Amino acid sequence: MPDITVTLDGKPVSLDGSTLRDLITDARVVAARVDGALVDLSSPVAGGQSIVTVKADSADGVQILRHSASHVMAEAVKILFPDARPTIGPATDDGFYYDFDRDEPFSSEDLAKIEEKMNELVGQDAPFVRKEMGRTEAKAFFEQRGEPYKVEIIGDLPDDVETVSLYEQGSFVDLCRGPHVPATGYLKAFKLLSVAGAYWRGDERNRMLQRIYGTAFPVPKDLRAYLTFLEEAKKRDHRKLGRELELFMFSEDLGPGMVIYMPKGGRLRTILEDFEKKIHFKRGYDIVYGPSILRGRMWEISGHMDNYKENMYFTEVDGQVYGIKPMNCLSHILIYKSKVRSYRDLPLRYFELGNVTRHEKSGVIHGLLRTRQFTQDDAHIFCRPDQLIEEITSIIDLVEEVMAVFGFEYTMEISTRPEKSIGSDADWEMATRALIDSLDKKGLPYDINEGDGAFYGPKIDVKIKDAIGRQWQCATIQCDFSLPERFDTHYIGSDGEKHRPVMLHRVILGSIERFIGVLIEHFAGAFPVWLSPVQAVVMNITDAQAEYAASVAEALKAAEVRMEIDLRNEKIGFKIREARVQKVPYMVVVGDREKEDGTVSIRERDGQQQTMRVDEFIALVKSSDPVI
RNA sequence: GCCAGCGUAGCUCAGUGGUAGAGCAGCUGAUUCGUAAUCAGCAGGUCAAGGGUUCAACCCCCUUCGCUGGCUCCA
1 MPDITVTLDG KPVSLDGSTL RDLITDARVV AARVDGALVD LSSPVAGGQS IVTVKADSAD
61 GVQILRHSAS HVMAEAVKIL FPDARPTIGP ATDDGFYYDF DRDEPFSSED LAKIEEKMNE
121 LVGQDAPFVR KEMGRTEAKA FFEQRGEPYK VEIIGDLPDD VETVSLYEQG SFVDLCRGPH
181 VPATGYLKAF KLLSVAGAYW RGDERNRMLQ RIYGTAFPVP KDLRAYLTFL EEAKKRDHRK
241 LGRELELFMF SEDLGPGMVI YMPKGGRLRT ILEDFEKKIH FKRGYDIVYG PSILRGRMWE
301 ISGHMDNYKE NMYFTEVDGQ VYGIKPMNCL SHILIYKSKV RSYRDLPLRY FELGNVTRHE
361 KSGVIHGLLR TRQFTQDDAH IFCRPDQLIE EITSIIDLVE EVMAVFGFEY TMEISTRPEK
421 SIGSDADWEM ATRALIDSLD KKGLPYDINE GDGAFYGPKI DVKIKDAIGR QWQCATIQCD
481 FSLPERFDTH YIGSDGEKHR PVMLHRVILG SIERFIGVLI EHFAGAFPVW LSPVQAVVMN
541 ITDAQAEYAA SVAEALKAAE VRMEIDLRNE KIGFKIREAR VQKVPYMVVV GDREKEDGTV
601 SIRERDGQQQ TMRVDEFIAL VKSSDPVI
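For reference, each letter of the first sequence is one residue, going 1 to 628 in the numbering used here.
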């Protein structure tokens, strides 16, 4: 065999072997990128190629590891449950899954058995072998193996695909693009996590399959760290903390998806709402209020009856149908239309903390993150087409500023026209363009989400994460040419003619409920001082300082510090412990020393203590208020 | 809405075909104490709801409601 020269991780190397494996000896390497394409280590080497090794602990490597783990899981399932028909089994951001069609459900005991079998298969260190097969041949192969889902997938491949790749390890063969780790022995740390239902091809009209979720990591230490993370995340779950901190509750008697704010949750919400009112007022928004039930006719004009009816609640008043509002826009349009508007008046920005009601499917309700009634920090901006980009840009500025106040990281997506929608193609094109241009102008990264827009217009969505990394939409900016048309809104231009304004729907926090939910998880209940429902607990050491403690509490209350007083006949350690469990930022301890000096001993959440005067403490509390 | 699992005291959880237990919280009393739990006593549950099987059901079966994890959908 002649010598071949390639570059390996940037360095020129010559070799006389024939596959990547001959060249790469490092056991941590699971695959390679050859001229940019991910391939197996069993791939042949040709001269002049640029080869970059992919280690198990790299992003690509972990993905390959997990994908391979899903194949091993499928093999284990087929061995233990021959009636299970494999469908698809990809890697995900934090693990992998494989969907099976099987009449009997998998139990958690089954999961343990499958995991045990996987360990056995990994112990055999069976190589993953790639095979190419003609399309027709592959179809016949899977037909013969009794795997109709694979046959369907091959059948649905584009016409120009003539050959497909198969991966075989041990007794299992899967239709798969690869690449995979060289052998099952490379899987050193994995765990099966849960079983769930999933529709074939993600379509609810299709058969429901059984999905087994698992995860895999390069080394056991990483797996343990991930499992610990999941445990820790459970402690941050907003539903658990909501109960423990007495922020909110749900009641089976009241109905699912309906939040009840308890006194401390009510405070938190008030703080957020006051913050919002202030920040919007400062930016030229007018605060307005609209009713919750509107004549059915309004929803017909808006297009909700045709496009959103199944999500709405209706009621009848004096023989007439009224729709309970799922959105706040209609009242705002009526305010706009209440008089003739000049081009000089625009933009007009109407802000409402509007309580909306949507009939969410029963299975999707989730604590504060998905409810049937929620309050949006909603605004509708009516502007001239030439003002559109500037308005969108300043909304994005506001989003950036508000997210910074709370310390959230976020991602953005642009969603385009869905199937069920209203308006002309030209308007959709123009509106989508405006959103894209605004983000481009600011140089912000975004993904495109095809067909995911609102029925009346495209949108920019901003997403933030909960404790276990699930993404939730908060801010959204929606560009709308349709509703101004449908409600025949206009302004008088400088030419004295009537013109159609453009309408922007936008929220910043999104749903106040959802935002509070994510906020709780983000801070694990230990809110920054300015958001804490209880900022300080005043506690005396013995009855001898009860009066002094009360006078301190009085001073704090007068300064609008949100405080509680704990004069119970308990040891100071006990009172401290309770305040800590409640995640109160400041404990104000007063004993004889403080009483004598006219001071307070301040204990922070981290255990730090310092003695100061009451007015100094008040200033400390106030210093946490955000500057907006 | 679909698939699977779950529902026992305010909370966290034991429990068995022969009619229910712990810890914390609560209440009462004692203790007056310096930065994460003082001690003792008391009280608290139609075992989610409805129906069925059984001599007997919290336990087995069915239905409904709710919750959890996913899927679909969505702020």
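Glycine included, C-beta positions come from ideal geometry on N, C-alpha and C. Since we're looking at a predicted model, the values are computed, not measured.
Contact between E604 and P626 does not hold, since their C-beta atoms are separated by about 19 Å, which reaches or exceeds 8 Å. Counting only the Cα atoms, I154 lies some 29 Å from G185.
Only buried fits G89, as 16 or more other CB atoms lie within 10 angstroms of its CB. Only exposed fits K420, as fewer than 16 other CB atoms lie within 10 angstroms of its CB.
If you keep only unbroken beta strand (DSSP E) runs of at least 3 residues inside the region 166 to 241, you get 172 to 175, 189 to 199, 208 to 217. In this chain, the beta strand (DSSP E) harbouring P12 covers 11 to 15. DSSP places Q609 in the uninterrupted beta strand (DSSP E) bounded by 609 to 612. Rounded to whole angstroms, I520 and M327 show a C-alpha spacing of 25 Å.
Residue pairing by DSSP places W472 opposite I464 in a beta bridge. Distance from the Cα of T393 is smallest, within the candidate group I436, T416, G423, for I436. In this structure, the beta-carbon distance from A379 to Y350 falls below 8 Å.
Taken through DSSP and simplified to helix, strand or coil, G354 comes out as strand. Between the C-alpha atoms of L368 and G303 there is a straight-line separation of about 28 Å. For the beta strand (DSSP E) assignment, the uninterrupted runs of no fewer than 3 residues enclosed by the region 534 to 586 are, from N- to C-terminal side, 536 to 540, 563 to 566. Secondary structure at R433: helix, using DSSP grouped into helix, strand and coil. Under the DSSP assignment, R33 falls outside any alpha helix (DSSP H), being part of the beta strand (DSSP E) whose first and last residues are 29 to 34. For M403, DSSP records no beta bridge to any residue. Counting only residues of its own chain and dropping the five nearest sequence neighbours on each side, D60 has a CB closer than 8 Å to the CB of A31, R33, L38, V54. Inclusion of R243 and A467 in the CB contact set at 8 Å is not warranted, their separation being larger than that value. For D447, the enclosing beta strand (DSSP E) has its first and last residue at 447 to 449. Beta-bridge partners assigned by DSSP to V129: E168. Taking the Cα positions, V590 is about 54 Å away from K459. For D447, same chain residues with a beta-carbon under 7 Å away, outside a window of 5 residues either side, are E413 in chain order. Per DSSP, reduced to three states, the secondary structure at M262 is coil, with no helix or strand assignment. For A37, there is no enclosing alpha helix (DSSP H); the enclosing beta strand (DSSP E) covers residues 37 to 39.
If the five residues before and after R295 are omitted, its C-beta is found closer than 8 Å to the C-beta atoms of Q320, V321, Y322, G323, all from its own chain and listed in chain order. In the DSSP assignment, K337 falls within the alpha helix (DSSP H) that extends over 329 to 337.
Burial check for D40: the Cβ neighbour count within 10 Å reaches 16 or more, so the residue is buried. For the options L166, E310, L620, R224, the alpha carbon positioned closest to that of K191 is the one of R224. In its chain, beyond the 5 residues on either side, E75, K78, I79 have a beta carbon closer than 8 Å to the beta carbon of S171.
Non-local C-beta neighbours of L23 in its own chain, meaning closer than 8 Å and more than five positions away in sequence, comprise V6, L8, V13, L15, G17, V45, I51, ordered along the chain.
Excluding five sequence positions before and after K264, the CB atoms of its chain that fall closer than 8 Å to its own CB belong to L245, E246, L247, P533, V534, given in chain order.
By the CB criterion at 8 Å, I516 and S342 fall outside the cutoff. Excluding residues up to 5 positions away in sequence, Y199, W200 lie with their Cβ nearer than 6 Å to the Cβ of N206 in the same chain.
If you look at Y313, you'll find it in the beta strand (DSSP E) that goes 313 to 317.
When secondary structure is reduced to three states using DSSP, R506 falls in the strand class.
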